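Colleague:
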Amino acid sequence: MSNWTADEMMTIAAARQLRDGTSCFVGIGLPSTAANLARATHAPGLVLIYESGCLGAKPDRLPLSIGDGILADTADAVVSVPEVFNYWLQPGRIDIGFLGGAQLDRYGNINTTAIGGDYRDPKVRLPGAGGAPEIAASCREVVVIMRQSRRTFVERVDFVTSFGYGTGAGDRERLGLRGAGPQVVITDLGILQPDPSTRELVLTRLHPGATVEQARAATGWRLRVADDLRTTEQPGDSELSVLRALKAASADDGSASTA
Amino acid sequence: MSNWTADEMMTIAAARQLRDGTSCFVGIGLPSTAANLARATHAPGLVLIYESGCLGAKPDRLPLSIGDGILADTADAVVSVPEVFNYWLQPGRIDIGFLGGAQLDRYGNINTTAIGGDYRDPKVRLPGAGGAPEIAASCREVVVIMRQSRRTFVERVDFVTSFGYGTGAGDRERLGLRGAGPQVVITDLGILQPDPSTRELVLTRLHPGATVEQARAATGWRLRVADDLRTTEQPGDSELSVLRALKAASADDGSASTA
Amino acid sequence: MAEIVSLAEGVAELVNDGDTVALEGFTHLIPFAAGHEIVRQRRRDLELVRMTPDVIYDQLIGMGCARRLVFSWGGNPGVGSLHRFRDAVEHGWPAPLEIEEHSHAGMANRYVAGASGLPFAVLSGYTGTDLARHTATIKPVTCPFTGDVLTAVPALNPDVTIVHAQRADRAGNVQMWGITGVQKEAVLAARRSLVTVEEIVDSLAPVPTQVVLPTWAVNAVALAPGGSHPSYTQGYSVRDNTFYQSWDAISRDRDTFTGWMRQHVLGARRDT
Amino acid sequence: MAEIVSLAEGVAELVNDGDTVALEGFTHLIPFAAGHEIVRQRRRDLELVRMTPDVIYDQLIGMGCARRLVFSWGGNPGVGSLHRFRDAVEHGWPAPLEIEEHSHAGMANRYVAGASGLPFAVLSGYTGTDLARHTATIKPVTCPFTGDVLTAVPALNPDVTIVHAQRADRAGNVQMWGITGVQKEAVLAARRSLVTVEEIVDSLAPVPTQVVLPTWAVNAVALAPGGSHPSYTQGYSVRDNTFYQSWDAISRDRDTFTGWMRQHVLGARRDT
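Chains as they are written, first to last, in our numbering: chain A, 32 to 290; chain B, 32 to 290; chain C, 44 to 315; chain D, 44 to 315.
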């Protein structure tokens with residue numbers, strides 16, 4: 032099983048970011064796929080929290096929405112939507128916020144609202160915020176998973192739906208945001224992480240077969256490369272077979288959505 | 032069954048105030064006894080709400096506390112304590128707030144906090160507020176049941192735990208309180224109601240056998256008597272037998288308590 | 044006490060042109076049958092309120108029932124865009140759609156404030172985002188004890204809230220379970236409420252995760268079996284994910300959409 | 044993840060002298076066994092927080108464990124006074140007791156704010172009462188949208204909250220049902236939490252009206268069958284109303300009280 036798609040590599044690299052025994056607030060689409068892959072492989076004790084109010088959901092197939100019945104059926108507790116945001120997310124109880132997005136910028140800010148034109152008269156109207164702004168603000172750390180392209184990885188997002196590092200170091204602290212922000216961004220080409228001093232996203236890993244040139248070509252700002260750039264470990268057979276089984280067992284095409 | 036105690040007359044007169052099909056937020060002790068008597072006689076559709084979170088409780092015996100198991104077992108819904116106060120009481124959904132008290136004044140203000148001395152160093156320390164301040168503020172109207180004496184019916188309460196009409200007409204409106212306030216006070220001697228113009232509590236009814244002189248002697252202010260003073264209808268045989276059966280079936284001595 | 048009515052009666056009595064209307068149900072229990080009845084009764088100028096507009100509001104918007112939308116996530120879950128919603132926002136078809144946009148946390152708290160009889164709710168949210176710059180109903184509020192600055196959002200009090208539930212008893216007490224989202228708050232926040240149910244039974248046996256709405260907190264209950272399709276009703280039906288995916292093609296083109304609505308919604312009752 | 048410990052270990056590890064401690068349970072599920080363990084371990088200078096102090100705090104106060112009490116109703120439900128509480132407030136025996144007094148609505152909202160990670164909560168309450176004049180933790184707050192003046196109360200965040208529940212599983216997930224009062228909020232608002240349970244089981248079958256606290260939201264779980272007596276645990280025991288009534292006579296006199304505590308609490312374990 033030595034061949035795989037870039038999407039599979041991305042999902043597997045994202046799943047590896049989730050440590051066993053931690054709690055993860057899961058957006059739908061790519062994050063949900065990766066989180067469920069992690070649960071099915073190295074992190075059986077990963078606690079999945081969905082904004083529909085399902086705490087500790089253990090789906091055996093990928094849900095298409097954040098409110099599929101399988102999530103409630105398998106959850107440790109089902110609570111109201113106000114409760115999941117007020118009692119569980121807001122106080123900073125949740126370790127990892129796992130988000131996708133339509134546009135991401137140099138400082139990890141995410142746009143899922145509108146692209147082009149003016150907010151009142153946009154060129155492309157996206158679904159909007161959902162739970163993302165508070166997930167990005169309150170989780171101890173944020174993991175982002177997004178396909179990389181010059182259109183999606185931009186110098187500055189057209190609309191800040193979810194705050195990353197704003198304009199750089201110090202902004203989160205100034206705003207008094209609880210969580211540490213986007214600690215890692217996983218793409219179909221590699222992994223970006225914030226520079227400890229400037230908070231600018233820097234390429235720290237390339238997936239097997241991808242090149243720095245590809246990554247730079249797919250990034251809308253002058254992408255810096257870490258001195259110790261490393262290569263992601265290729266997907267293991269079990270990772271691939273479990274991922275393919277999960278997707279086969281679900282109606283989900285894994286398309287981007289952050290409900 | 033033509034003989035009865037003043038307490039029985041008081042409880043029966045109070046029960047008669049509760050219309051069928053209305054909702055009633057019930058304090059423990061005398062209010063709970065009267066509310067359950069009403070449910071067992073003329074008001075089978077009376078909705079009893081207890082601050083423990085029991086909505087539509089239908090106890091077949093008198094609970095000793097507002098949290099007895101029989102209340103949860105028979106309720107239409109059991110909700111959290113924050114919810115019963117925030118979603119059910121506060122918005123003014125509940126028709127009648129049914130309260131007791133240790134001290135009541137000329138304008139229907141109730142004291143269940145402290146008597147004599149200073150608040151920080153009281154002569155007698157009472158249990159305190161419980162749910163009463165917001166019950167008195169938010170229910171559409173308030174019914175008070177209290178044994179009448181010069182010690183308990185005073186010119187001005189030592190401590191305003193639950194606001195009635197303050198210092199008279201207009202105070203509730205000035206404070207923007209949702210409910211209409213204490214519309215009727217039932218005692219072991221008769222019934223007092225607020226004067227429509229001044230809001231001073233006036234004797235409008237005497238229980239059979241009681242006299243205006245007794246009522247005045249048991250009141251700490253110059254008690255005014257309504258021009259159309261009437262006599263309470265005496266307890267019916269069924270009212271008495273049901274009340275006695277309820278009390279026999281319960282551990283409750285009906286002693287004052289507003290938990 | 045809730046009145047047991049037909050769905051057509053319930054919508055006719057409770058939903059007026061120009062009303063602020065909330066149809067809630069968080070992926071689960073979305074009241075599609077009621078939404079379709081609103082389309083059939085040709086309500087206009089509605090201010091639609093809903094956390095996740097979903098396909099149901101895509102249909103109401105595309106049929107020209109809406110003047111304004113208050114929401115926090117307007118997509119087709121797991122599929123992508125709501126094309127009628129986008130067409131209204133991007134091109135003003137069939138009519139311009141004014142939007143008031145929040146986050147889920149903000150919308151949930153607005154319903155909580157509405158249900159609690161408070162004019163506003165406090166949360167720690169929107170910080171650093173552009174939402175706060177574009178949405179007038181997001182303001183700072185200062186803690187009188189610590190001086191911390193937090194975010195205030197105003198209460199939502201719809202003229203009418205409509206939700207779908209598993210069942211009601213003959214007295215009009217409503218019982219729902221599974222993912223119950225923000226429905227209790229949405230009903231308690233509203234001036235009037237209509238609940239559609241899968242069945243009306245003699246008595247409501249308690250169920251884990253249940254939310255019970257006492258009959259005296261609801262205006263009307265209407266029997267509408269399958270009334271949540273293509274959403275689902277736990278214990279009665281499963282989510283029709285295939286329909287949600289097919290909606291992408293149906294709704295992408297104005298004529299295809301209109302034809303589909305004429306055939307499946309307007310044509311679904313003879314009186315239209 | 045919650046650790047399964049003995050009650051003695053749990054109290055020793057989680058409750059320190061000088062702590063702010065909340066033992067909650069609204070008539071139902073009052074954690075008496077844990078309160079008695081606190082007395083046996085001779086904790087001192089505690090700030091006790093509880094909506095309804097009840098007999099459990101009458102015992103802690105009478106045994107000199109408390110420096111301060113934050114509460115909203117300090118009586119013996121259906122019986123009358125808490126004599127040890129009154130003696131401390133009226134005569135400073137066995138030590139002066141500082142009090143911070145609220146209404147139930149205020150206390151409940153203070154726990155809600157604490158559980159929500161907010162510094163304060165907003166309610167419409169205390170209006171016109173003397174409580175607002177004597178309690179510093181009640182302040183006005185103005186709605187930034189309507190200008191309405193409401194009431195603010197600060198969050199409660201106990202150092203440790205202790206509650207009693209029906210059962211837990213071996214992973215430390217906690218399940219309680221019946222009247223669950225403000226326990227979820229009190230546990231989530233606290234820095235540390237201990238839950239005593241009637242039994243520890245392999246798996247938690249869902250129960251109507253249940254509240255589940257996931258193991259990762261609790262610090263420690265201790266087996267304490269009958270640990271709520273003379274309160275009760277729905278499905279396991281009934282409220283001992285006779286004891287509540289007899290407490291009136293036991294607690295009225297200082298020596299009778301002390302003797303009773305020595306015999307039934309201090310003497311109830313050999314290590315004292």
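For every residue, glycine included, the Cβ atom is placed at its ideal position computed from N, Cα and C.
All of these numbers come straight from a predicted model, not from anything done at the bench.
Identify, in the order they occur along the chain, each residue of the same chain with its Cβ nearer than 7 Å to the Cβ of residue 218 (chain A), setting aside the five sequence neighbours on each side.
Modeller: Once the five neighbours on either side are set aside, the close Cβ partners of residue 218 (chain A) are 41, 177, 178, 179.
Colleague: Could you tell me which whole alpha helix (DSSP H) segments of length 4 or greater appear in the stretch 74-103 of chain D?
Modeller: Counting whole runs of 4 or more residues, the stretch 74-103 of chain D contains the alpha helix (DSSP H) stretches 75-83.
Colleague: Considering only the beta carbon of each residue, do residue 222 (chain C) and residue 71 (chain C) sit closer than 7 Å?
Modeller: Yes.
Colleague: When we look at the beta-carbon of residue 112 (chain B) and count the other beta-carbons within 10 Å, is it buried (16 or more) or exposed?
Modeller: Counting Cβ neighbours within 10 Å, residue 112 (chain B) comes out buried, since at least 16 surround it.
Colleague: What's the call for residue 236 (chain A), buried or exposed, on a 16-neighbour Cβ count within 10 Å?
Modeller: Buried, because 16 or more other Cβ atoms sit within 10 Å of the Cβ of residue 236 (chain A).
Colleague: Mind checking the stretch 254-281 of chain D against chain B and listing, in chain order, the residues whose C-beta falls within less than 7 Å of any C-beta there?
Modeller: Listed by position along the chain: 275, 277, 281.
Colleague: Any residues in the stretch 116-133 of chain B with a beta carbon nearer than 8 Å to a beta carbon of chain D? Which ones, in chain order?
Modeller: Hits within the stretch, in order: 116, 117, 120, 121.
Colleague: Out of B:204, B:214, B:91, B:182, point me to the one whose CA is closest to residue 104 (chain B)'s CA.
Modeller: When each option's Cα is compared against that of residue 104 (chain B), the closest is B:91.
Colleague: Examine chain C for any beta-carbon lying closer than 7 Å to the beta-carbon of residue 248 (chain A), and answer yes or no.
Modeller: Judged by the 7 Å Cβ criterion, residue 248 (chain A) is not in contact with chain C.
Colleague: Of the choices A:170, A:142, A:171, whose alpha-carbon is the least far from that of residue 157 (chain A)?
Modeller: Of the listed residues, the one whose Cα sits closest to residue 157 (chain A) is A:142.
Colleague: Just verifying my parser: in three-state terms, what is the DSSP assignment at residue 70 (chain D)?
Modeller: In the structure shown, residue 70 (chain D) sits in coil (DSSP, three-state: anything other than H, G, I, E or B).
Colleague: List the DSSP bridge partners of residue 205 (chain C).
Modeller: Residue 205 (chain C) pairs with C:66, C:237.
Colleague: Can you tell which of B:248, B:209, B:153, B:130 has the C-alpha that lies nearest to the C-alpha of residue 182 (chain B)?
Modeller: Here the closest residue by C-alpha is B:248.
Colleague: Quick check on residue 186 (chain C) - is its C-beta less than 7 Å from some C-beta in chain D?
Modeller: Yes, residue 186 (chain C) counts as interfacial toward chain D.
Colleague: Who are the Cβ neighbours of residue 44 (chain B) in its own chain at under 6 Å, not counting the five residues just before and after it?
Modeller: Hits under 6 Å: 217, 263.
Colleague: Evaluate residue 122 (chain B) with the Cβ neighbour count: other Cβ atoms within 10 Å of its Cβ, from every protein chain shown; 16 or more gives buried, anything less gives exposed.
Modeller: Its Cβ being crowded by 16 or more others within 10 Å, residue 122 (chain B) is buried.
Colleague: Are residue 215 (chain C) and residue 155 (chain C) close, meaning C-beta to C-beta below 7 Å?
Modeller: Cβ atoms of residue 215 (chain C) and residue 155 (chain C): not closer than 7 Å.
Colleague: Which residues does DSSP pair with residue 113 (chain C) in a beta bridge?
Modeller: According to DSSP, which records beta bridges pairwise, residue 113 (chain C) is partnered with C:92, C:143.
Colleague: Return helix, strand or coil for residue 213 (chain B), following the three-state DSSP convention.
Modeller: In this structure, residue 213 (chain B) counts as strand in the three-state DSSP scheme.
Colleague: Which of the residues in the stretch 166-181 of chain A, read from start to end, lie with their CB under 7 Å from any CB of chain D?
Modeller: So nothing in the stretch comes that close.
Colleague: For the alpha helix (DSSP H) containing residue 163 (chain A), name the first residue and the last one.
Modeller: Run containing residue 163 (chain A): 163-169, per the alpha helix (DSSP H) assignment.
Colleague: List the residues of chain B that residue 289 (chain D) touches, going by C-beta distances under 9 Å, in chain order.
Modeller: Near residue 289 (chain D) there are no residues of chain B at all, since even the closest Cβ is about 12 Å away, more than 9 Å.
Colleague: Going along the chain, which residues of its own chain have a beta-carbon closer than 7 Å to the beta-carbon of residue 215 (chain B), five neighbours each way excluded?
Modeller: Excluding residues within five positions, the ones whose Cβ falls inside 7 Å are 48, 174, 222, 224.
Colleague: For chain B, check one thing: does any of its Cβ atoms lie closer than 7 Å to the Cβ of residue 152 (chain C)?
Modeller: So no, residue 152 (chain C) is outside the interface.
Colleague: Please check the pair residue 161 (chain B) and residue 115 (chain D), which I expect to be a contact at CB under 8 Å, by giving their CB distance rounded to whole angstroms.
Modeller: Indeed, because the Cβ distance is near 6 Å, the residues count as touching under 8 Å.
Colleague: Look up residue 243 (chain B) in the DSSP assignment and say whether it is helix, strand or coil.
Modeller: Three-state DSSP puts residue 243 (chain B) in a helix.
Colleague: Checking contacts by CB at 7 Å: is residue 189 (chain C) closer than that to chain D?
Modeller: Chain D contact via Cβ: present.
Colleague: Would you kindly report the start and end of the unbroken alpha helix (DSSP H) that includes residue 287 (chain D)?
Modeller: 284-295 is the span of the alpha helix (DSSP H), which, as asked, contains residue 287 (chain D).
Colleague: Are the C-beta of residue 195 (chain D) and some C-beta of chain C separated by less than 7 Å?
Modeller: At least one chain C Cβ lies under 7 Å of residue 195 (chain D).
Colleague: What is the DSSP secondary structure of residue 226 (chain C), reduced to helix, strand or coil?
Modeller: Three-state result, residue 226 (chain C): helix.
Colleague: Which of the three DSSP states is assigned to residue 81 (chain B) in this structure?
Modeller: Residue 81 (chain B) falls in the strand class under three-state DSSP.
Colleague: Counting only runs of 3+ residues fully inside the stretch 78-164 of chain A, write out the beta strand (DSSP E) ranges in chain order.
Modeller: Complete beta strand (DSSP E) runs here, min 3: 78-81, 85-88, 127-130, 134-136, 145-149, 152-156.
Colleague: Leaving out five residues before and five after residue 46 (chain D) in sequence, what residues of the same chain have Cβ atoms less than 6 Å from its Cβ?
Modeller: Once the five neighbours on either side are set aside, the close Cβ partners of residue 46 (chain D) are 263.
Colleague: What are the residues in the stretch 157-176 of chain C lying within 8 Å of chain B by C-beta distance?
Modeller: Hits within the stretch, in order: 158, 159, 160, 161.
Colleague: Kindly say whether residue 54 (chain C), judged by its beta-carbon, lies nearer than 7 Å to any beta-carbon of chain A.
Modeller: Taking Cβ atoms only, chain A never reaches closer than 7 Å to residue 54 (chain C), which makes this a no.
Colleague: Going by other Cβ atoms of all chains shown within 10 Å of its Cβ, with 16 needed for buried, is residue 134 (chain C) buried or exposed?
Modeller: With fewer than 16 Cβ atoms within 10 Å of its Cβ, residue 134 (chain C) is classed as exposed.
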